[in-house]
Structures are given as structure tokens and as C-alpha cells.
Amino acid sequence: MAALLAMSGATTIASCAPFISRASVRQRQWQPAAARGASASMDGGSTTAARLSVSMEGIVSGGGMVTGRLRSVRGRRVGLVVAAGASSRSGMAAPHQAEVVPDAFRYVVAARGDRSGSASGSALAGGGAGGVIAAGAGAAAAAVVALEESDKKKLMVAYQGMPGAYSEAAALTAYPTCEPCPHAQFENAFEATEQWTTDRAVLPFENSLGGSIHRNYDLILNHRLHIVGEVYFKVNHCLLSLPGQKKEDIKRAMSHPQALAQCDEYLTNMGVIKEAVDDTAGAAAFIAQNKLRGVAAVASRRAAELYGMEVMDEGIQDDKSNVTRFLALAREPLPPREGVPYKTSIACSLKEGPGSLFKALSCFALRDINMTKVESRPMRWKPITQEAGGGRPMQFSYLFYIDFEASMADTNAQNALRQLQETATFLRVLGSYPADDSKL
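Yeah, the sequence shown ends on 510 if you go by this note's numbering, and it's all consecutive.
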């Protein structure tokens, strides 16, 4: 496996997913924004509910043993074992038991095939219904392909909030022909996608004013989902009320805490009382349902249309350059394709010592790989580091989130992660995905 990071000693890391050769695969891809249109979707069309995938459960880099399982997105499963070489599961090296990372955070990304193209390393030579099934798949793989053809439905995309929320608009921007599926909490959207209730989740991860949404960064480590795309969405807050009122009649304003903070100067000048609720669209729905007069909601124009509200004012955010970065999540990673700029997101922790962060970042700098995000947070499973005997003062152990401009099919990126492994105590590839190249 070209992009597999081996586990060694006390270091347990999650390996990055090796992708099938770009020349041998045709799968649904996140389209650049320039190519988005009424008939376009991030997966190349509206009939994207089912596809063929291979999940490799056991891979020994030296022995050549591969155990695969074919499964369809709609829950129909067909078992398949491909024996390639004489190795057995008993020959696999077990993770080191002393690793401090709990089971919830242990996750090795499922392999999608051997980029070398050898028969012993891959059970699938082409992705999707049009892919070529390698020798050994037989009738089982043909049956799964048949299920795909008969089970094409509109893509279901989970988001947090009620209809009319900005997350719904971001989901429709990413997948124009999808069926948005609202969920009350971020956790519900993660679980729906992981448990095959929905095909994708589109959730906010960063805002230009509020910074990172740490809850979602924590959740992505605790769920078996991969980043498969991104959308930069410009937020335009509106002041909504029941019809027939004037601005001077408004005494209270309801919305999500971040929306209230982003419109703080405007609302303060109005002299209204700010009330925080779970969702921007939910505030509009609550006011409309209870026919509350003298109360306004800070929400989107679409929320006004859905709940019969009147737009009293538009663009009320204090900073007009209010942009939220949404990430699309899926159960399986997407292989890269030619001619599209890619990003890769990883999470890692480093060994304690002088220059450890410098050494980690140099893995990318020495290969001319541009990093677009570097952020650190205390690790939840091991927050404090202190040497036995009190040789050094107590301090936090940090987890680093890094985004860089390269695909996991890029040899430079693979080599950078191999070098990073030397200084990392934990490493997980969160996803390799097409970058959003649209214009706001």
C-alpha cells in the first residue's frame, strides 16, 4: 500500500487511505464550484444513492494478505473474501496495548485498493457501477453492481438545524439535487450518516468571525466518517418578524448565539434584548408558531419564506465578510481525479521535546506543500503531560489539526506523512477532498 502508515512500537497511528490509481477509477467526485449548475451535484449527478465499495479489514504490507467486504450504501451486504498470498489474520501485528488513545479514537481508514495495480493487492480495479471487477469478485460483485443500478435515488444529506437554516443552504450548495435531512444536534447528523440513514452530512467546521467549531472537530475523531468536500458559504443575516410590524415595535431578538454575536452592534443600537436559541431557523419557526409580536428572529431569507415571516432588514451582521466553512462527510473516502485542486486534513499529536512542532511542519515545508490551517487543542483523552519524579512542570498535551494542499495520491504527501510518523504519537487522516475553488 503506497499510502499506508505502519504502526510501530508504542506509537499507534491511524493510517491514511491509499487510493486507487486515478487512471483506473471513475467515481462520483465533488465538482469544482465553477462546474456547479442546476443539473450538477457534488457527486456528479442526482443518482448517487448507491455505490460499490471495498472495505479492507486486514492488510499486512509484507505478506500480501487482503480480506475485503463488498457492501452497498443502502444496507444490502454481500460478503467477499479475496485470498492474495499465503498470509492469515493471525499474522497481523496487534496495536500496542499501552497506547493512551482510547478505542473511540482508534480508527484506521479503510483501504480502497492497491495503487500498484497488482492482482494480489486489490479486489477492485474500478470504482462505481461502471468499474471493472477484478478476478475473484465473481457473482457476488456482479450482484452488488445490479443492486446499484436498481437502487439509484436522490442523495440524502444530513445537516444540523431546521429547514431554512444556513446549514441546509450549504448542503444544497454542495449537492444541488439532494434531499436535505434536518437533525436537532450535530451528533445526530454524524450518527445518521454513519448508520446509513443518510448518505452524506454537511456541517460547519469554521467561521471567519467565531473561529473553529470545536464540537465538530471532536465528533469527527469519534466517528468513522471521512471528509469528501468543502463549501465556503457567505452568511447573510436578516431581521425577521411577523408581518405588519415596524422596527421600533421590536423589543426582543432571538437566534443562535453565534448569529446574535455576529449582529451584536446592530442589535445593541436597536436596544433589543437578545435571547439565544438552538437554531436561527428555529427562532423564526418559534415566533411564527406562537405568533409572537414585538419579537424578531435573526435568520436567513429562506427562513422568512418558509415560516411566513417578513424581512425587516437584511445584511445586519457587523462584519460583511462573514463566511462559514462547511465540510461534507461520508462513510467512504473518495479517490482523487486529475485536474482538480485537493486538500487533505489530518489530526496528530507529537512527541514531547525541543523543536517537535518545527520538525512536524518541516515535513511539509521541505516538500513545498502549502499548509492552509494549523490549530492546536488539548487532547481530551490525555490532557496533562508530566514526567515521573517532577522533572518538568505540568503542561497540556496537544492535538494538532492540519490542512494542506495536496492529495493523498501525491507521492510528496505520502512521504510527508511517513516522515511525520517519526515524531507523531497519534496520526489520523480525516480526509482528502477537492478544494472549494468558487468565488464568494
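Quick reminder that beta carbons are idealized off the backbone N, C-alpha and C, glycines included.
Residue i lies in the beta strand (DSSP E); which residues open and close that run?
{"i": "Q230", "result": "M226 to Q230"}
{"i": "R488", "result": "No beta strand (DSSP E) contains R488, which is instead part of the alpha helix (DSSP H) from T481 to Q491."}
{"i": "M340", "result": "It is not in any beta strand (DSSP E) - M340 instead sits in the alpha helix (DSSP H) that spans D334 to M340."}
{"i": "N392", "result": "First-last for N392: undefined, no H or E at that position."}
{"i": "T268", "result": "Looking at the DSSP string, T268 is not in any beta strand (DSSP E), and its letter there is neither H nor E."}
{"i": "A476", "result": "Element bounds for A476: n/a, residue is neither H nor E."}
{"i": "S446", "result": "M441 to P448"}
{"i": "M382", "result": "E380 to E384"}
{"i": "S419", "result": "Y412 to L420"}
{"i": "A254", "result": "That residue, A254, is in no beta strand (DSSP E); it is neither H nor E in DSSP."}
{"i": "K509", "result": "That residue, K509, is in no beta strand (DSSP E); it is neither H nor E in DSSP."}
{"i": "E345", "result": "I343 to A346"}
Quick test of your reading: residue i and residue j, contact by CB under 8 Å. State the CB separation rounded to the nearest angstrom.
{"i": "H293", "j": "E264", "result": "5 Å"}
{"i": "G234", "j": "R372", "result": "5 Å"}
{"i": "G388", "j": "E335", "result": "In the sequence as displayed, the identity of residue 388 is Asp instead of Gly. Between E335 and D388 the Cβ distance is about 4 Å, and since that is below 8 Å, they are a contact."}
{"i": "F434", "j": "A355", "result": "Contact flag wrong, Cβ pair sits at about 45 Å."}
{"i": "E445", "j": "Y412", "result": "Not quite, the Cβ-Cβ distance comes to about 20 Å (not below 8 Å), so this is no contact."}
{"i": "R49", "j": "Y468", "result": "Summary: the structure shown does not reach residue 49, with the chain confined to residues 71 through 510, and so no result is reported for it."}
{"i": "V342", "j": "I320", "result": "6 Å"}
{"i": "L40", "j": "F256", "result": "Residue 40 lies beyond the residue range present for the chain, which begins at 71 and ends at 510; the question has no answer from this structure."}
{"i": "D511", "j": "S415", "result": "The structure shown does not extend to residue 511, since the chain is modelled only from 71 through 510, so no value can be given for it."}
{"i": "A329", "j": "T350", "result": "5 Å"}
To the nearest angstrom, report how far apart residue i and residue j are at their CA atoms.
{"i": "P504", "j": "E475", "result": "10 Å"}
{"i": "N59", "j": "A271", "result": "With the chain running from 71 to 510 in the structure shown, residue 59 is simply not present."}
{"i": "G425", "j": "A369", "result": "46 Å"}
{"i": "G501", "j": "P403", "result": "7 Å"}
{"i": "Y245", "j": "Q465", "result": "44 Å"}
{"i": "V410", "j": "R401", "result": "22 Å"}
{"i": "S325", "j": "E375", "result": "17 Å"}
{"i": "S477", "j": "K429", "result": "21 Å"}
{"i": "L510", "j": "V305", "result": "10 Å"}
{"i": "A348", "j": "F496", "result": "Note on residue identity: the sequence assigns Asp, not Ala, to residue 348. Looking at the two C-alpha atoms, the distance is approximately 34 Å."}
{"i": "G314", "j": "E238", "result": "28 Å"}
{"i": "R450", "j": "K443", "result": "20 Å"}
{"i": "T481", "j": "T243", "result": "32 Å"}
{"i": "R407", "j": "A241", "result": "22 Å"}
{"i": "N286", "j": "A259", "result": "10 Å"}
{"i": "H307", "j": "K390", "result": "10 Å"}
{"i": "L225", "j": "P252", "result": "14 Å"}
{"i": "L310", "j": "V301", "result": "26 Å"}
{"i": "E380", "j": "L295", "result": "39 Å"}
{"i": "M340", "j": "E318", "result": "8 Å"}
{"i": "L337", "j": "R498", "result": "42 Å"}
{"i": "V298", "j": "C333", "result": "32 Å"}
{"i": "L312", "j": "K361", "result": "7 Å"}
{"i": "A494", "j": "L431", "result": "12 Å"}
{"i": "A353", "j": "A331", "result": "15 Å"}
{"i": "Q99", "j": "T267", "result": "Residue confidence is low: Q99 scores 37 on pLDDT, short of 50, so the model does not pin down where it sits. Its coordinate-derived value is still stated next. Whole-angstrom Cα-Cα distance: 21 Å."}
{"i": "L492", "j": "G423", "result": "First, the amino acid is wrong: residue 492 is Glu here, not Leu. In a straight line, the C-alpha of E492 is about 13 Å away from that of G423."}
{"i": "T117", "j": "P463", "result": "Any answer about T117 is weak, because its pLDDT of 36 lies below 50 and its placement is not dependable; what the coordinates show is given next. One C-alpha to the other measures close to 57 Å."}
{"i": "H284", "j": "N277", "result": "11 Å"}
{"i": "D507", "j": "K452", "result": "37 Å"}
{"i": "R303", "j": "L490", "result": "The sequence shown places Phe at residue 303, not Arg. About 32 Å."}
{"i": "D269", "j": "T247", "result": "13 Å"}
{"i": "K316", "j": "Y236", "result": "25 Å"}
{"i": "E384", "j": "N392", "result": "14 Å"}
{"i": "I386", "j": "F275", "result": "23 Å"}
{"i": "G518", "j": "A262", "result": "The first residue shown for the chain is 71 and the last is 510, placing residue 518 beyond what the model contains."}
{"i": "K421", "j": "P327", "result": "37 Å"}
{"i": "A417", "j": "P405", "result": "20 Å"}
{"i": "T223", "j": "L427", "result": "The question names Thr, yet the displayed sequence has Lys at residue 223. Using only the alpha carbons, I get a separation of about 46 Å."}
{"i": "R488", "j": "M382", "result": "56 Å"}
{"i": "A483", "j": "Q359", "result": "52 Å"}
Can you give me the start and stop residues for the alpha helix (DSSP H) that residue i sits inside?
{"i": "D288", "result": "H284 to L291"}
{"i": "T243", "result": "Y236 to A244"}
{"i": "L497", "result": "Where L497 is concerned, there is no enclosing alpha helix (DSSP H), although the beta strand (DSSP E) it sits in stretches over A494 to P504."}
{"i": "E402", "result": "Careful: E402 lies outside any alpha helix (DSSP H) and carries neither H nor E."}
{"i": "A435", "result": "S426 to A435"}
Runs of alpha helix (DSSP H) lying entirely within the stretch 348 to 378, each at least 4 residues, in chain order: 350 to 360 and 371 to 377
Can you find at least 3 beta carbon pairs, one from the stretch 381 to 399 and one from the stretch 225 to 244, that sit closer than 8 Å? yes
Report yes or no: do the stretch 289 to 304 and the stretch 357 to 367 share at least 3 C-beta pairs separated by less than 8 Å? no
Length-filtered (3 minimum) beta strand (DSSP E) runs lying within the stretch 290 to 331: 296 to 304, 308 to 311 and 322 to 325
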